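Residue numbers (my numbering), protein chains in the order written: chain A, 1 to 62; chain C, 101 to 162; chain B, 201 to 262; chain E, 301 to 362; chain U, 401 to 462; chain W, 501 to 562.
Glycine residues also receive a C-beta, built at the ideal position from the N, C-alpha and C atoms.
None of these values were measured; they are calculated from a predicted model.
Down below is the structure, laid out as structure tokens.
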């Protein structure tokens, strides 16, 4: 705790995930006073066909 | 906002997702007075091995 | 299955939720060929302080 | 209802998922007095690159 | 890891949650070979107005 | 997109959430190349009775 679930488009590199994990954890520790060992982050990757905003799939946006 | 996460079995076509995204968004706008641009939908697809009801995997149901 | 989780601002009436549940379920049945009895919907209500877009809390937007 | 979402590392066999589904459902029925038919479980499998604790990806831990 | 999110109706006692946490964790350790210290469980409690199946709110079922 | 769901103990101030929202969004923009307007964050707050690790409720830990 805290648990952070990040849902994002497939395609980020492991290096990008590494940086995200470090920075989001730092934010939770410094701003929310969470214990560092207790911060858990998961990345859920989805495709452009599995995300829609304003009623339109991302795959259908130009 | 609102955010709608749909967890369903793999296998729907992009055309089915397109229709779902449009209809769910319309419902949120018309019935819940959400701003259309703010409605976000994600589809999480899982297999019959990753879903259980009444204690039994879908993969094990006849 | 399918499972639909709707995260939205607190304040909708039960009548609005009733309509959303009916319409989203109809969409899943008609467009995704889900079995009606298997469609499960949950509403998670949050406050304007617990939602941010573009880095700004909704509570802080004018 | 209840809905149980299990996020875990990829790699469990169908037999392991079968046992987990049965045992978690039994716990919900016996300890939380849930109706058996209403217990729904989903497994979301992720890779070691998509999970971090204490700011470090599991893929980076020795 | 694993992370287990349990969405259920409000009203369970702390003693029920205590037993659920223990049993679900045991299942993850014994059947999925998870490390005990790494099993995290969260309970999200919702009302009968915030849950629907087959298109009908639980609050509307007799 | 991306969508970030933060589940944490109740008790953070609005100022803490404000900072978290800003920093997590910056991380998504700078490290994951997300469009700033598309980053959505939700905070789900739970009690010590609704969180367990290693099979024990946080409320039961000394």
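Among the options, which has the Cα closest to the Cα of residue i?
| i | options | result |
| --- | --- | --- |
| residue 160 of chain C | E:358, E:349, E:315 | E:315 |
| residue 333 of chain E | U:436, U:419, U:401, U:428 | U:419 |
| residue 231 of chain B | C:155, C:112, C:135 | C:112 |
If you draw a straight line from the alpha carbon of residue i to that of residue j, how long is it in whole angstroms?
| i | j | result |
| --- | --- | --- |
| residue 248 of chain B | residue 207 of chain B | 12 Å |
| residue 424 of chain U | residue 324 of chain E | 6 Å |
| residue 439 of chain U | residue 405 of chain U | 11 Å |
| residue 128 of chain C | residue 357 of chain E | 37 Å |
| residue 26 of chain A | residue 41 of chain A | 12 Å |
| residue 62 of chain A | residue 253 of chain B | 23 Å |
| residue 2 of chain A | residue 243 of chain B | 22 Å |
| residue 217 of chain B | residue 445 of chain U | 17 Å |
| residue 335 of chain E | residue 237 of chain B | 15 Å |
| residue 351 of chain E | residue 551 of chain W | 19 Å |
| residue 55 of chain A | residue 355 of chain E | 35 Å |
How is the alpha helix (DSSP H) around residue i delimited, first residue to last?
| i | result |
| --- | --- |
| residue 335 of chain E | Looking at the DSSP string, residue 335 of chain E is not in any alpha helix (DSSP H), and its letter there is neither H nor E. |
Using the beta-carbon count (16 or more within 10 Å), is residue i buried or exposed?
| i | result |
| --- | --- |
| residue 10 of chain A | exposed |
| residue 221 of chain B | buried |
Within the continuous beta strand (DSSP E) that includes residue i, where are the two ends?
| i | result |
| --- | --- |
| residue 8 of chain A | 3–9 |
| residue 542 of chain W | 540–546 |
| residue 152 of chain C | 151–153 |
The ligand ZN heavy atoms versus the CB of residue i: any closer than 7 Å?
| i | result |
| --- | --- |
| residue 256 of chain B | This structure simply doesn't include the ligand ZN, nor any ligand for that matter. |
Contact set between the stretch 441–453 of chain U and chain W, restricted to residues whose Cβ is under 8 Å from the partner: 441, 442, 443, 444, 445
Beta carbons nearer than 9 Å to chain C: which residues of the stretch 502–515 of chain W have them? 503, 505
Of the residues that make up the stretch 217–231 of chain B, which ones have a beta carbon closer than 8 Å to any beta carbon in chain W? Taking 8 Å as the Cβ-Cβ cut-off against chain W, none of the residues of the stretch 217–231 of chain B qualify.
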